[in-house]
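Below: the structure, in structure tokens.
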């Protein structure tokens with residue numbers, strides 16, 4: 000039958016068939032050339048709106064290395080051929096062209112968009128494995144072996160980017176680049192010999208003996224208040240109720256979060272290089288402290304390159320914050336600790352009963368009109384008191400830049416979320432006995448601790464006075480490659496710090 004069909008094809012038909020084949024071949028050839036051309040580094044840089052991408056790539060080990068191998072844009076930011084390469088290329092290209100034409104790149108927070116969890120969305124794991132299919136190469140360090148064994152054990156939960164973000168776009172402030180010597184003592188002109196002497200209930204300045212570090216403490220008067228939020232409060236969550244009346248004793252609270260200056264005084268005293276310090280720790284009557292080492296050096300720069308000094312200390316674990324309070328108590332002769340959840344909310348409210356300690360409706364602050372226009376000129380609204388998602392540019396700020404609350408405390412809401420000593424339970428308030436609660440300590444046991452106040456990454460509803468958060472210990476240590484994992488530093492949390500309370504006797 001096939002010869003008969005061939006004989007039936009006229010010369011005119013042959014012309015169309017041959018022309019069709021030639022045209023199809025040309026289209027395929029041209030299409031392939033277009034794919035190759037639009038996959039070059041130069042083409043990517045023509046419309047890619049990230050202003051630093053090319054410079055940081057040239058400084059990275061994917062470009063500047065001993066072997067002279069250059070890893071190109073599409074080799075990381077597109078999957079290998081055969082794994083949906085063309086589909087993802089169209090999606091990525093469309094997004095970048097749209098951004099180049101319609102977006103104002105000066106208003107994009109590139110530092111925030113370079114965080115590991117966001118960078119992982121634009122880098123394909125299959126692309127990493129395409130080149131690095133042998134994870135246990137000759138000369139790999141013991142540290143690297145442990146990290147890659149951990150990766151193999153938790154594939155799907157851990158991305159290569161979590162540990163190797165800097166290989167494609169260099170940054171000296173990568174949290175997980177390497178174990179570093181962080182927190183060297185600064186030379187100071189004045190060394191305090193004695194702590195503050197507190198003889199009455201009033202604000203005071205504490206001095207850390209043997210250092211040049213001091214910080215302000217605010218006298219918080221005792222009183223009664225309603226803890227939690229009413230059912231009608233905008234953006235309220237279920238774990239904020241039912242409201243309970245609480246009676247608290249007077250106490251002192253840090254005017255601001257513990258700064259890097261304060262925390263590094265502790266870090267230095269406890270053994271900056273992780274040397275054995277069990278005898279010293281035991282002298283603090285801490286029976287459950289790790290008996291092998293003191294604080295180990297962190298991975299990368301725990302301040303993220305944002306600044307130390309008067310910036311709030313971040314990335315330390317709840318355990319480290321608690322031990323800091325014990326150390327501070329030892330060196331000052333006072334009783335410092337983390338605040339209870341009730342003390343924290345009472346201090347944050349400053350005698351007010353509204354969602355914030357200043358006037359304002361959370362739903363109003365969420366409106367696009369406020370975000371796009373009014374926030375920039377609002378000197379009395381939320382941006383005057385809180386460093387949060389809208390105005391933070393994705394980072395912390397020094398502790399003295401915003402307005403105080405009625406008690407004279409700064410950054411109670413936003414900037415960094417703050418540890419409380421209570422165990423977290425979504426039903427805490429309903430679990431208390433009826434009547435007025437006097438100095439409630441929180442649940443007697445649990446697995447995670449309360450975190451309050453929201454942070455520079457939080458939205459409007461998460462920085463209300465009643466908003467409750469919690470630690471996520473396992474998630475915040477997910478990419479820590481050390482075995483065992485650090486008890487001192489979180490590898491995946493850059494937005495939690497703490498402030499101290501001093502008991503009044």
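Numbering (the working numbering), first residue to last: 0 to 504.
For every residue, glycine included, the Cβ atom is placed at its ideal position computed from N, Cα and C.
Check	Outcome
Neighbour-count burial assignment, residue 362, 16 or more Cβ in a 10 Å radius	exposed
The segment 475-495 touching the segment 370-385, judged by at least three CB pairs closer than 8 Å	no
N- and C-terminal bounds of the beta strand (DSSP E) containing residue 213	213-219
C-alpha distance - residue 474 paired with residue 491, whole-angstrom precision	7 Å
Residues sharing a beta bridge with residue 335, DSSP	501
Best match in 125, 110 and 102 for proximity to residue 73 [C-alpha to C-alpha]	125
With 16 other Cβ atoms within 10 Å as the buried cut-off, status of residue 108	exposed
Beta-carbon contacts of residue 82 that lie in its chain and below 6 Å, excluding the five residues immediately before and after	125
Chain-order list of residues whose beta-carbon lies under 8 Å from that of residue 193 (same chain, five-residue window excluded)	206 and 208
Anticipated Cβ contact below 8 Å, residue 191 with residue 210, distance rounded	6 Å
Separation of residue 92 from residue 137, as counted between CA atoms	38 Å
Inter-stretch contact (C-beta, 8 Å, three-pair minimum) for the segment 142-149 and the segment 428-437	no
Proximity of residue 354 and residue 233 at Cβ, strictly below 8 Å	yes
Extent of the continuous alpha helix (DSSP H) to which residue 98 belongs	84-101
Contact set for residue 87: own chain, Cβ-Cβ below 7 Å, skip 5 residues either direction	77 and 78
Sub-8 Å separation of residue 257 and residue 224 beta-carbons	no
Whole-angstrom distance between residue 376 and residue 367, CA atom to CA atom	15 Å
One or two residues paired with residue 468 in a DSSP bridge	450
Alpha-carbon to alpha-carbon, residue 329 and residue 168	44 Å
Straight-line Cα distance separating residue 70 from residue 406	56 Å
Burial state of residue 243, where buried means 16 or more other Cβ atoms lie within 10 Å	buried
Opposing strand residues paired with residue 223 [DSSP bridges]	246
Residue 227 and residue 247 closer than 8 Å at C-beta	no
CB of residue 348 within 8 Å of CB of residue 357, strictly	no
For residue 521: DSSP bridge partner residues	The requested residue 521 is not part of the displayed model; the chain covers only 0 to 504.
Buried/exposed call for residue 443, threshold 16 Cβ in 10 Å	exposed
Residue 462 versus residue 55: straight-line alpha-carbon distance, rounded	34 Å
Span separating the alpha-carbon of residue 219 from that of residue 149	47 Å
Neighbour-count burial assignment, residue 187, 16 or more Cβ in a 10 Å radius	exposed
Own chain residues within Cβ distance below 8 Å of residue 422, not counting five before or after	441, 442, 443, 444, 445, 446, 447, 448 and 449
Alpha carbon of residue 128 to alpha carbon of residue 59, nearest angstrom	18 Å
Sufficient close CB pairs (3 or more, under 8 Å) joining the segment 394-409 to the segment 261-268	no
Chain D contact for residue 140 (CB, 8 Å cutoff)	In the structure shown, chain D cannot be found, because there is only a single protein chain.
Pair within 8 Å by beta-carbon distance, residue 498 and residue 252	yes
Beta-ladder partner(s) of residue 22, from DSSP	BP columns for residue 22 are empty, so no partner.
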